[in-house]
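Heads up: the protein sequence lines correspond to chains A and B, in order. Going by this note's numbering, 228 is the number at position 228 of the first sequence; the sequence numbering is gapless. Going by this note's numbering, 8 is the number at position 8 of the second sequence; the sequence numbering is gapless. Don't be surprised by glycine CBs; every beta carbon is placed ideally from N, CA and C. Model, not experiment: these values are computed from the prediction.
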Amino acid sequence: MPRRIVVTGLGAVTPVGVGAGELWEALKAGRSGISPIASFDASSFPVRIAGEIHDFDTDPWMTPKEVKRTDRATHFALAAAKQAWEDAGDPSVDHARTGVLFSTGIGGLGSLLQQHKVYLEKGADRVSPFMVPMLMPNAAAGHVAMAFGFTGPNMCITTACAAGAHAIGEASVLIRDGRADVCIAGGTEASILELTVAGFAQMQALSRRNDDPERASRPFDRDRDGFVLAEGAGAIVLEEAEHAVARGARIYAEVAGYGASADAYHITAPEPEGLGAIQAMQACLEDAGEPADAVDYINAHGTSTQLNDASETRAIKKALGDHARRVAISSTKSMTGHMLGAAGAVEGAVSALVVHDGVIPPTINYQHQDEDCDLDYVPNEARRADVRLALSNSFGFGGQNATLAFRRWEA
Amino acid sequence: MDMAELQDKVCAILADNLSVPEDKVTPQSRFQEDLDADSLDLVEAVLALEEEFGVTIPEEEMEGVTTVGQAIKLVATKLGVAA
């Protein structure tokens with residue numbers, strides 16, 4: 001009998017709420033977290049909106065010295081990880097058998113840029129000795145391990161917008177293979193910075209609906225014009241099922257399957273037919289031992305770019321066949337914006353909640369059907385539904401794809 | 001600036017930089033044991049002192065500096081402040 005993996009704790013720091021509870025309430029209510037950029041003067045930028053976390057309070061999670069010595073991405077990660085652990089009931093675990101996989105797309109770019117400025121203005125001998133440990137993408141995973149003393153496998157997977165999903169998937173494989181019994185898996189991102197906004201804008205990847213921020217992220221809608229950059233973190237406590245049952249843990253869902261693939265096509269554009277995405281979804285279903293028509297819900301990657309939403313729709317149709325017309329699909333990025341390396345982790349948490357609570361959050365801002373996007377995107381209003389099996393799709397720049405399957409826990 | 005003023009100023013800068021309460025930082029304080037400052041913290045703290053006082057403190061001069069008092073003396077020498 002292979003080892004099974006369950007979700008027992010959730011944590012989130014997002015533009016729509018801090019804590020999985022706040023996130024979940026906001027998503028069910030269809031609330032947008034997108035607003036004019038406040039962290040820098042964006043008035044001369046073509047893109048002036050983002051999903052920022054305003055006035056993030058580090059006090060509950062970190063000492064002032066820790067705050068100063070770490071990047072904002074690590075602040076979010078520590079907050080989400082500590083929430084998730086508390087939500088799991090602060091279990092007593094074997095530290096050597098507990099791992100941490102915490103992903104990011106970009107890492108501590110803000111800290112790098114700050115020190116680059118110091119270097120240019122004041123010279124090499126004024127650069128902070130903390131620059132390197134603050135900017136490295138694996139910093140968050142290291143800090144989460146230190147916060148709890150977990151000495152099991154510890155890694156950071158950097159696969160852009162799929163990074164958070166890969167963390168959950170690979171953590172579940174570690175547990176299944178017996179390399180760990182418990183893992184905190186997550187993703188974090190804090191890269192709403194002048195340079196990143198400029199760079200993503202140059203790619204024509206971002207929505208320019210500056211005058212209507214809350215309606216800018218509109219996945220699958222005909223008038224979508226790009227994604228909205230956002231920041232945040234998500235964390236999930238994964239546990240070997242018997243370990244969780246033995247301690248009487250609340251189980252949100254089982255991580256039943258995981259599929260990973262590459263487009264091997266273009267560094268940023270998705271393969272138009274969605275071949276990589278199809279492969280990831282099919283591998284995930286096979287891993288879960290489930291037929292395509294068992295899928296009740298898909299938390300789509302759904303970025304609100306013309307290319308992604310059309311190719312993802314084609315991929316779902318190919319992967320699920322006729323059943324694609326019956327499955328409920330929503331993109332919670334319509335509310336949170338795109339948290340890049342954190343997105344997959346937050347959306348994994350959301351998918352576990354969908355299975356546990358039987359409510360599907362909507363795709364907000366859905367007004368006009370696009371001929372390339374003609375499935376059920378759960379437009380604008382949350383829906384009660386009996387969801388036994390949910391998929392969560394994440395596709396990264398680089399062509400890396402991950403699909404996770406969350407199934408109602410049945411012993 | 002006299003020695004007393006310099007001492008107060010260095011202690012205040014170190015307290016801020018190392019995120020410890022100001023009353024915890026005295027000339028007797030040992031960086032590692034009393035102020036929980038590791039080698040990277042010490043480099044960062046020296047950068048703050050250099051910035052504040054407009055002096056340069058080469059690494060080799062920091063060797064053997066383990067207390068706040070020693071750091072104050074180093075800065076005092078650079079600034080020509082008499083003990």
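According to the DSSP assignment, A/Q202 belongs to the alpha helix (DSSP H) that extends over E194 to Q202. Cβ atoms of A/A328 and A/D296 come within 8 Å of each other, at about 7 Å. For A/T104, the pairing in a beta bridge is given by DSSP as A/T188.
Interface criterion met: the Cβ of A/K65 is under 8 Å from a Cβ in chain B. Residue state for A/G17 is assigned as strand, using DSSP reduced to three classes. In this structure, the CA atom of A/H54 is about 14 Å from the CA atom of A/S191. The Cβ neighbour count for A/H301, taken over all protein chains shown within 10 Å, is at least 16; the residue is labelled buried. Checking the DSSP bridge columns, you'll see A/L389 partnered with A/R407. Secondary structure at A/G178: coil, using DSSP grouped into helix, strand and coil.
Within its own chain, the residues whose Cβ lies closer than 6 Å to the Cβ of A/V13, once the five positions on either side in sequence are excluded, are F76, A79, A80, G232 and A233, listed in chain order.
With the criterion set as a beta carbon lying under 7 Å from some beta carbon of chain B, the members of the stretch 108-130 of chain A are R126, S128, P129 and F130, in sequence order.
Inside the stretch 252-324 of chain A, DSSP marks whole alpha helix (DSSP H) runs of 4 or more residues at positions 275-288 and 306-320, from first to last along the chain. Of A/P291, A/V346, A/S217 and A/P153, the smallest CA-CA separation from A/A324 is found for A/P291.
With distances taken between CA atoms, A/L307 lies nearest to A/F397 out of A/L10, A/F397 and A/R179.
Comparing alpha carbon positions, the residue from A/C161, A/G399 and A/A205 closest to A/T104 is A/C161.
Pairing A/H95 with B/L49, the inter-Cα distance amounts to about 40 Å.
At a beta-carbon threshold of 8 Å, the residues of chain A lying near B/L18 are K65, ordered along the chain. Under DSSP, the beta-bridge partners assigned to A/N401 are A/S261 and A/F395. Within the stretch 30-54 of chain B, L40, V43, E44 and L47 place their CB atoms closer than 7 Å to a CB of chain A, listed in sequence order. Interface with chain B (8 Å Cβ-Cβ cutoff): A/K68 is included. Annotated as proximal: B/E61 and B/L74, with beta-carbon spacing under 8 Å.
Going by beta carbons, A/V355 and A/R408 fall inside the 8 Å limit. By the criterion of a C-beta distance shorter than 8 Å, B/I57 is surrounded in its chain by V46, L49, E50, L74, V75 and K78, once the five residues flanking it on both sides are discounted. Going by beta carbons, A/L10 and A/G99 fall outside the 8 Å limit. Burial is judged here by how many other beta carbons sit within 10 angstroms of a residue's own beta carbon; A/Y258 has at least 16 and is buried. With a 10 Å radius around the Cβ and a threshold of 16 neighbouring Cβ atoms, A/S392 comes out buried. Judged by DSSP in its simplified three-state form, A/N154 adopts strand. The stretch 156-170 of chain A and the stretch 334-354 of chain A touch, with no fewer than 3 CB-CB distances between them shorter than 8 Å. For B/E51, the enclosing alpha helix (DSSP H) covers residues S39 to F53. When the Cα atoms are used, A/D263 and A/A283 turn out to be separated by approximately 14 Å. A/T403 is a Cβ neighbour of A/A280, given a cutoff of 8 Å.
If you draw a 10 Å sphere on the C-beta of A/S43, you find fewer than 16 other C-beta atoms in it, and that means exposed. A/A246 is classed as exposed because its beta carbon has fewer than 16 other beta carbons within 10 Å across all chains shown. Taking a cut-off of 8 Å for Cβ pairs, the stretch 135-149 of chain A and the stretch 312-320 of chain A do not touch, as fewer than three such pairs fall below it.
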